[in-house]
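Numbering (this note's numbering), first residue to last: 52 to 1179.
Beta carbons are placed, not taken as given, at the ideal position from N, Cα and C, and that holds for glycine.
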C-alpha cells in the first residue's frame, strides 16, 4: 500500500508513504472522515479484514468473519474479483465476499454475519455508500445487477437491471433537474392563488362549496365524475364551460386524429387535474376550519389564522405578493435529484434515478476495437461535478461527458454530449475522483498513476504523475560504463531503468520501456561499448536491442532461434575461422546456444552452436567463454580461436543456472542448490577436481550469483529458499544469510556501497539491505480481531468467528510451543497463522490420498508380520541385483535358442520349477518384494493392480502401474473411447510418441469441458522425466512407498535418492511412533544400526521383538569390517 498526500505545492512532489502488508490485498476502502483519525481497511487473500491506522502504519483491529478461500484455485479464479469493502459514516465497515455480508462495528469491535442477505449465487464486486443516508448502500454484482439496500431495515430497496456484465464502478451525485415542476402530493405553502380564491369575497370567511349533481351521459367515459362514479375523468372538474366545449369538439374531430397522441394528452390532463383536485381538497379543509373559527368576534382569531383565512385588500400589496409568488414558483421549479451512475465491463454507462430505481439514459463509450487494452473492458465512470462525468473507454482513453437532466411531461430525461478531445493520458483502465477540487486520478496498465486537474473551463492538465514497479521482477544488471544505472527485467512486457544517484526513499525515478517486448522479460545485457544499447530476451524467445536514449524508441528485433525461454545473454568479441574479430551477442535457451552478429554481413541472424550439447547457461569475460550444460558439465572456450575448448568437466549433477568469473575463479551454481568454486590460477588443465571447492547451504535451486566490484573476493547467491548468502571465496565461508521470506530472483552489490545488496524477487519489486548489519527484526503486530457473538438468527455463534478456539485434548501437540492459555489473544493468533490443519467455519479437513500399495500398507500395520519380514530380509538382503546387461544377453540367447529346445528339456524345466516353487511357509511378504529385486517389485505391482480392480477402486493413484507394466497406448485409447481419459494418463502419452501426445491433449481438452475435472501434477513430472522433482513432491506429501518404487525403477541402484527416501520414510514412521515399520525400512536400506536403535525404543519387548533384535545384532557383527591386524 502507498499513500500520496494532497498536493500542496506545484513545485515539489508529495512524499509517498509506503506501508507493507503481510499478504496480497484483494480490496481496500478508506474511512469517509479523516479529521480525528485516518484509518483504512483491507481484505487480504485469506479473507481477513484488517483496519489500519495510516499515521502509525500499523493494523489496529479487524475480523475474520469471512470463510477462507478454497485452497486449490486456478489462475483465472485467482484473478476474479469476489469481494468489496465500504465504510459508513457512523463507524461501521461493510465487507462482502461473494454473497455474504458482514457488518463490523469499529467502536464495539463486533461484527454480524448475514450470509443469506443477497441471492445465493450473487457475487458482490463493488460497494458504495449513499450521500446523506448513513444506512443506505449500493452494491454491484458480477452479473451486472445493481442493488440498493438498507442496513437499518436489512432489506433490499431497489434492484436495478440494465448491465449484463460485471459492475466496475458506482458513483452518486445530487444534481439539478430543469424543466417542468414535479407534481407534489399537497399544494405548496405560499403558492399562487387559484381562480376560486380570487373570486371569493374580500374580508369574508371561506365557505365550503356545495357539490353539484352530475347530469352527464354515463356512456361518455370523458364525462364521468370520479366523486360519484367508480371510473371517470376530469371533465366535471373544469369550471370553465368554454374549455369543456372546446375539449368535446377536439375529441369528436376525426380528421388527423392520432390515437397515441390523444392517449398521451389524456394522461397529462388526468395528472394535472389530480394535482389540482388535491389542492382544492386541502382548500376545502381550510375553508371548513375557517368557517368554524370565524365568529362574530374576529379579534379572538390569532394573527396566523387571519393571514390564512383572509385575503389582502390593498392593490400594491397584492402586486407585491404576486411577484413573490412568481419567484417562489421559480425556486420550486429547480428540482434536486440524487443520480446514480454505474460502469461495467461493457461499453455503456448507465444513469439511474435513485428515488425510483428507474434507468434514465445511457452514454456509450465508443472506441477503436483494434486499440483495446486487453480482452475485457473496464469502464469506470465518476462525477466531476453535477453537470460532468468522466469515464474511460476500452482503448484506455479518458473522455469527459456533459450531462443535463430535464423533466418533460413528468418524465425525467437526460441530454448528454461527449467531448471530442480525450484527456492527456493513455492506456487507462481505472479512474477515481479526488476528495477535494476538480482532480481525477487515472491508473494505466503501464503502472503509471496520473493526477489530472480539470479547470472550470474544461481544460485538463496533468498535475502529478507517479510510476510504480512490478511487484515481481526477474533480473538485475548494472551498466558497465555507468555502474549507478541499473536495468530491471520485470515479470511483464516492461523494462525499468533506475539511476541510484537520484533514488530517494519516497521518490524513485523510473524510465520504462514497453515497445515490442511482448512477453515476460527473462534477462538483460548492456552493450560493453555503446552505453545506450541494451539487449533483452523474453519467455517467448524474442530477442531485441533497445536504444535507451528515448523510451518510445522501437527496438531492433533479432531473428528468433526458439519459441521458449531465453535464460542468458552476453556480449563478447569472437574471432572466426577467417580471423575476423567481430562483436557478437550470445543467447542461451533451455538447451540451445546461438550467437548473433550485430554488424556487418548476416547480422541479426542466429548462428547455432552445437559443440557443447544441451546448454543451460552462458557467460563471457574477456576472451573466455563459459558454458554450462543440462547435465552439470562446464566448458571453457577461447573466443580468440573460434571457441577452442580449454576445459571440460562435470562439476554438479543438475542443470547449471549461473556462471560468474573473477580473478581466475569461476563460480558455478545448479538447480539443486549446490554452489561450487573452480580455481583456475594454475591453468585450465583438468586436475581431477582438486581445484573445485563446494559452498553448501542453500536448500533450493540457485537463481543467480554475482561477484562484488572491488578487490575482495566476495560472492552473493540467491535461491528459491528465499535467502541471500554472501560468501568469502578465499576462506570458502558464509559471511551473511539474509532471509527475505520469498523467492529471490536476482541480486547485485551496490556501486554506491559494497555493503549494500540490491535484490528483486517474488513480492520484492526493488529492495536492499546492508549485510554488515544485523537483519532488522520485524515484530508481528498484534491485531484485536473482533468476536462474533452478535450473529443473526439461526447462526451458530461458535461457527461465526472464522477461527474457533482449538480443543485442548486434540491439539496439545500443536500448542507445544505456546505457554499461554486458550484465552490469550497472542496464542490464538499464533495458532491461526501456524497450524495449517485448523478447522475454519466447521469445515472438515481433507482426507489423505489413497495409496496404490494397499496390500503392502495393510501388511505393514501387523506387527508380527513386519518382524518376520525383517528377519527374512536379513537373510536375503545381501543378494546382489542382476546386471541389466547380463539380463539382456540371457534374453537374447533364450530367444535364439527357443526353437531348438527339445520338448523333454522343456518338460524337465517345468518339473524343476514346480519342485522349486515356494511353499506356503516360505511365501514372500509384500514388503519383502518391495525391497527385493526389480522383478519382485514388478510382481508386487501386478498384484496391487489386480487387487484394486477386484475391489473396484478408482485407478487415479495407479498411473505409474500401466506405465511400467501394461500396454500404455491401448489403455489410453480405451480411456478416450469411454471418455474416461485422466490427466494422469495424459501425462504418460509422450512415452508413446509426441504426435500421439498432441492428439490425446486435444481429446482430453474436449473431455475436460464436458466433465470439469482438475489435473494432477505427479504424472506431468513422469512424462517430462523430471524424476527428482517428482520424488521431492512425493516425499513432501508423505507418499514414501510410491517414491521408493519410482526411484528403484527409474534411477540407478547407487543413486543417493534411495537412501534419502528411505531415511525420510523411516524417520517419519519413527516420529509417529510406528517403530516396527520404521525398523523395516531401515533394514530395507541396509541401515541395521538404525533399525536396532529403533526397535530398542520399544519398552514392552515381546518374544518376537527380542528375536528380531538378536538377528539384527548378529547381522551387524557379520557386516562389521575386520581389524587390519587380524587380516594380517
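Note to self: Between which residues of its own chain and residue 801 is the CB-CB distance below 6 angstroms, once the five residues before and five after are set aside?
What the structure shows: Residue numbering aside, residue 801 sits at position 750 when the chain shown is read from its first letter. Result list for residue 801: 807 and 809, in chain order.
Next item on the list: Helix, strand or coil for residue 444, going by three-state DSSP, please let me know.
Entry: Taking the chain shown and counting its residues from 1, one reaches residue 444 at position 393. When secondary structure is reduced to three states using DSSP, residue 444 falls in the coil class, being assigned neither helix nor strand.
Next item on the list: Can you tell me which of the three DSSP states residue 1045 falls into?
Entry: In the chain shown, residue 1045 corresponds to position 994, counting from 1. In this structure, residue 1045 counts as helix in the three-state DSSP scheme.
Note to self: Helix, strand or coil for residue 653? Go by DSSP, reduced to three states.
What the structure shows: Taking the chain shown and counting its residues from 1, one reaches residue 653 at position 602. Reduced to three states, the DSSP call for residue 653 is coil.
Margin query: Am I right that residue 760 and residue 805 are in contact with their C-beta atoms under 8 angstroms? What's the rounded C-beta distance?
Written below: The residue given as residue 760 occupies position 709 in the chain shown. The residue given as residue 805 occupies position 754 in the chain shown. Residue 760 to residue 805, Cβ: 6 angstroms. Contact.
Check: Got a sec, what are the start and stop residues for the beta strand (DSSP E) residue 926 sits in?
Finding: Sequence index remark: in the chain shown, residue 926 carries index 875 (1-based). It is not in any beta strand (DSSP E) - residue 926 instead sits in the alpha helix (DSSP H) that spans 914-927.
Notebook entry, point to check: What is the DSSP secondary structure of residue 85, counted as helix, strand or coil?
Noted result: Position 34 of the chain shown, counted from the start, is the residue given in the question as residue 85. In this structure, residue 85 counts as coil in the three-state DSSP scheme.
Next item on the list: With a threshold of 16 other CB atoms inside 10 Å of the CB of residue 192, please say whether the residue is buried or exposed.
Entry: The residue given as residue 192 occupies position 141 in the chain shown. With 16 or more neighbouring CB atoms inside 10 Å of its own CB, residue 192 falls in the buried class.
Item checked: Proximity of residue 433 and residue 222 at Cβ, strictly below 8 angstroms -> As a first step, residue 433 must be located in the chain shown, where it is residue number 382. As a first step, residue 222 must be located in the chain shown, where it is residue number 171. A contact, by the Cβ cut-off of 8 angstroms.
Notebook entry, point to check: Can the beta-carbon of residue 520 be found closer than 8 angstroms to that of residue 547?
Noted result: Position 469 of the chain shown, counted from the first residue, corresponds to residue 520. Position 496 of the chain shown, counted from the first residue, corresponds to residue 547. Yes. Within cutoff.
Note to self: By the DSSP assignment, the alpha helix (DSSP H) with residue 1139 in it spans what residues?
What the structure shows: Position 1088 of the chain shown holds residue 1139. Unbroken alpha helix (DSSP H) run through residue 1139: 1139-1147.
Margin query: Using only the alpha-carbon positions, how far apart do residue 817 and residue 524 sit?
Written below: Against the chain shown, residue 817 aligns to sequence position 766. Against the chain shown, residue 524 aligns to sequence position 473. Approximately 8 angstroms, taken between the alpha carbons.
Next item on the list: Compare the C-beta of residue 666 with all C-beta atoms of chain D and state if any pair is closer than 8 angstroms.
Entry: Going by chain labels, chain D is absent from the structure shown, which holds only one protein chain.
Next item on the list: Return the first residue and the last residue of the beta strand (DSSP E) that residue 525 is part of.
Entry: Within the chain shown, numbered from 1, the residue matching residue 525 stands at position 474. Counting along the chain, the unbroken beta strand (DSSP E) around residue 525 starts and ends at 524-529.
Next item on the list: Locate the beta strand (DSSP E) running through residue 186, then write down its first and last residues.
Entry: To locate residue 186, count along the chain shown from 1; it is residue 135. Membership of residue 186 in the beta strand (DSSP E) is indicated by the continuous run 184-192.
Notebook entry, point to check: Three or more C-beta pairs closer than 8 angstroms, one from the region 478-495 and one from the region 440-451: is that the case here?
Noted result: Counting Cβ pairs under 8 angstroms, three or more are found: they touch.
Note to self: Let me confirm a value: residue 128 is counted as buried when at least 16 other C-beta atoms fall within 10 Å, else exposed. Which label applies?
What the structure shows: Taking the first residue of the chain shown as position 1, residue 128 is located at position 77. Under this definition residue 128 is an exposed residue.
Note to self: So, with DSSP's three-state summary, where would you put residue 15?
What the structure shows: It is not possible to answer for residue 15, since the shown part of the chain is limited to 52 through 1179.
Notebook entry, point to check: What is the rounded straight-line gap between the Cα of residue 780 and the Cα of residue 83?
Noted result: The count along the chain shown starts at 1 and reaches residue 780 at position 729. The count along the chain shown starts at 1 and reaches residue 83 at position 32. Using only the alpha carbons, I get a separation of about 57 angstroms.
Next item on the list: Kindly indicate which residue of 153, 794 and 788 has the alpha-carbon position closest to the one of residue 825.
Entry: Numbered from 1 along the chain shown, position 774 holds the residue referred to as residue 825. When each option's Cα is compared against that of residue 825, the closest is 788.
Margin query: Tell me which residues share the same chain as residue 703 and place their Cβ nearer than 6 angstroms to its Cβ, disregarding the 5 neighbours each side in the sequence.
Written below: Residue 703 sits at position 652 when you count from the first residue of the chain shown. Within the same chain, Cβ atoms closer than 6 angstroms to the Cβ of residue 703 are found at 683, 721 and 725, the five residues on either side in sequence being excluded.
Check: Would residue 1180 pass as a contact of residue 598 if the rule is Cβ separation under 8 angstroms?
Finding: This structure leaves residue 1180 out entirely; the chain is present only between 52 and 1179.
Check: Taking the alpha carbon of residue 1095 as the point to measure from, which residue in 1141, 1109, 1103 and 1104 has its own alpha carbon closest?
Finding: Translated into the one-based positions of the chain shown, residue 1095 becomes position 1044. Checking every option, the nearest Cα to that of residue 1095 belongs to 1109.
Margin query: Using the Cβ count rule (16 or more neighbours within 10 Å means buried), how would you classify residue 606?
Written below: Mapped onto the chain shown, residue 606 falls at position 555. Under this definition residue 606 is a buried residue.
Notebook entry, point to check: Among all the DSSP beta bridges, which residues are the ones paired with residue 569?
Noted result: Locating residue 569 in the chain shown gives position 518, counting from the first residue. As far as DSSP is concerned, residue 569 takes part in no beta bridge.
Check: Near residue 435, what residues of its chain come up, given a Cβ to Cβ distance below 8 angstroms and the 5 sequence neighbours on each side ignored?
Finding: Position 384 of the chain shown, counting from 1, holds the residue named residue 435. The answer, listed in chain order, is 441, 451, 484, 489, 491 and 505.
Check: How many angstroms separate the CA atom of residue 107 from the CA atom of residue 813?
Finding: As a first step, residue 107 is located in the chain shown; it is residue number 56 there, counting from the start. As a first step, residue 813 is located in the chain shown; it is residue number 762 there, counting from the start. Those two C-alpha atoms are separated by around 26 angstroms.
Next item on the list: Locate the beta strand (DSSP E) running through residue 586, then write down its first and last residues.
Entry: Along the chain shown, one-based indexing puts residue 586 at 535. Where residue 586 is concerned, the enclosing beta strand (DSSP E) stretches over 584-589.
Margin query: Could you compute how far the alpha carbon of residue 427 sits from the alpha carbon of residue 81?
Written below: For the purposes of this step, residue 427 is taken as residue 376 along the chain shown, with counting starting at 1. For the purposes of this step, residue 81 is taken as residue 30 along the chain shown, with counting starting at 1. About 27 angstroms.
Next item on the list: Please state if the CB of residue 217 and the CB of residue 396 are separated by a distance shorter than 8 angstroms.
Entry: What you label residue 396 is simply residue 345 of the chain shown in a count that begins at 1. What you label residue 217 is simply residue 166 of the chain shown in a count that begins at 1. Taking 8 angstroms as the Cβ cut-off, residue 396 and residue 217 qualify as a contacting pair.
Check: Name the DSSP beta bridge partners of residue 224, please?
Finding: The count along the chain shown starts at 1 and reaches residue 224 at position 173. Paired residue(s): 390.
Next item on the list: Under the assumption that residue 979 contacts residue 920 (Cβ atoms under 8 angstroms), give the Cβ distance between them as a whole number of angstroms.
Entry: In the chain shown, counting from the first residue as 1, residue 979 sits at position 928. In the chain shown, counting from the first residue as 1, residue 920 sits at position 869. Indeed, because the Cβ distance is near 5 angstroms, the residues count as touching under 8 angstroms.
Next item on the list: Could you check if residue 72 is buried or exposed, using at least 16 other CB atoms within 10 Å of its CB as the buried criterion?
Entry: Counted from its first residue, the chain shown places residue 72 at position 21. Residue 72 should be labelled exposed.
Margin query: Pop quiz: residue 641 and residue 615 are said to be a contact at Cβ under 8 angstroms. What is the actual Cβ separation, rounded to whole angstroms?
Written below: One-based indexing of the chain shown puts residue 641 at position 590. One-based indexing of the chain shown puts residue 615 at position 564. Confirmed, about 6 angstroms.
Check: Measuring CA to CA, which of 764, 105, 758 and 94 is closest to residue 86?
Finding: Position 35 of the chain shown, counted from the start, is the residue given in the question as residue 86. With distances taken between CA atoms, residue 86 lies nearest to 105 out of 764, 105, 758 and 94.
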